[in-house]
Amino acid sequence: MRLLKKIFQFSKSKSDSEEVLKTETESLNQLEDKPVDELFAINFRQNGGKFLYCDNMEEIHECFDNIIRENNWNDATFLCLSNHLRQCFSKFPINYASNNSQTECFLASCEFLVADTGAILFSSKQIAEINIKDFPDYIIIFATTSQFVKTISDGLQGIKMKHPNKIPSNITTLKNFDVPDDNNFMTYGSSSKKLYLLLLEDL
Numbered sequence: 001m002r003l004l005k006k007i008f009q010f011s012k013s014k015s016d017s018e019e020v021l022k023t024e025t026e027s028l029n030q031l032e033d034k035p036v037d038e039l040f041a042i043n044f045r046q047n048g049g050k051f052l053y054c055d056n057m058e059e060i061h062e063c064f065d066n067i068i069r070e071n072n073w074n075d076a077t078f079l080c081l082s083n084h085l086r087q088c089f090s091k092f093p094i095n096y097a098s099n100n101s102q103t104e105c106f107l108a109s110c111e112f113l114v115a116d117t118g119a120i121l122f123s124s125k126q127i128a129e130i131n132i133k134d135f136p137d138y139i140i141i142f143a144t145t146s147q148f149v150k151t152i153s154d155g156l157q158g159i160k161m162k163h164p165n166k167i168p169s170n171i172t173t174l175k176n177f178d179v180p181d182d183n184n185f186m187t188y189g190s191s192s193k194k195l196y197l198l199l200l201e202d203l
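Numbering (full-length UniProt numbering), first residue to last: 1 to 203.
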């Protein structure tokens, strides 16, 4: 997991970022041989996501603070359906809402992180019955390293195991993370979002 922190955190300069992406692209034909954590990180970044690996909650809070500063979100309102996440980030100068009316960002957890596509797997446990297209344009996902799975099939099996008494509804994935250009007809109808992943080491 230390390799993830070295390679996939925010790059310090544009040239650093371009070099990392070049390395990732050159390695695409070797992806099947990579561990699920590295495979996910490469595909996630290829999808346009911002990946922040953290050893502890102190680093999670530091990254969260940087995201707020980067987007000028002091006193902004976040959509957040999780009381646990509201408590985790309670010290920050943001407000929380339980509906999607005029919110800047969606703060949520997820079911699993799908390595072979770099997608985030959700269910109604995290997003209720909200359609992905109705999320705010910005999303912050808090997840842990124990949530990696290789394929969507592994993720669906994991959901069945986690919720044996009643399988949750609204099981869906999000893997397009660049905000679409309204002037580009190729992105019309897309559910693309700008996504930050705060990943906590728990293994």
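Cβ atoms here follow ideal geometry from the backbone N, Cα and C, with glycine treated the same way.
Every value quoted in this text rests on a predicted model; they were computed, and no experiment measured them.
Relative to I152, the option among N95, D75, I171 whose CA is nearest is I171. Residue nearest to G118 within the set E38, L200, L203, E201 is E38 (criterion: CA-CA distance). Distance from the CA of T173 to the CA of S123, rounded to the nearest whole angstrom, comes to 9 Å. Cβ neighbours of K50 within its own chain (closer than 6 Å, five residues either side excluded): Y196. Within the same chain, no residue comes within 6 Å of N72 by CB-CB distance, once the 5 residues on both sides are set aside. Annotation note: the segment 74-118 contains the following uninterrupted alpha helix (DSSP H) runs of length 4 or greater, listed N- to C-terminal: 83-88. Assigned with DSSP and collapsed to three states, I130 falls in coil, not helix or strand. Annotation for S98: L79, C80, L81 place their beta carbon closer than 8 Å to its own, counting only its chain and skipping 5 residues before and after.
Per the C-alpha coordinates, the member of M57, G48, T145, E111 positioned closest to M161 is E111. Assignment of beta-bridge partners to I120 by DSSP yields L113, L174. In this structure the segment 132-140 does not lie against the segment 53-62, because fewer than three pairs of beta carbons, one per stretch, are closer than 8 Å. Contact check for S169 and E201: beta-carbon distance about 31 Å, past the 8 Å limit, so the pair fails to qualify.
In the structure shown, the three-state DSSP call for I167 is coil. Here the alpha carbons of D33 and A76 stand approximately 42 Å from one another. Relative to the Cα of F177, the nearest Cα in the group K150, F44, S101 belongs to F44. For the pair L52 and L199, the CB atoms are nearer than the 8 Å cut-off.
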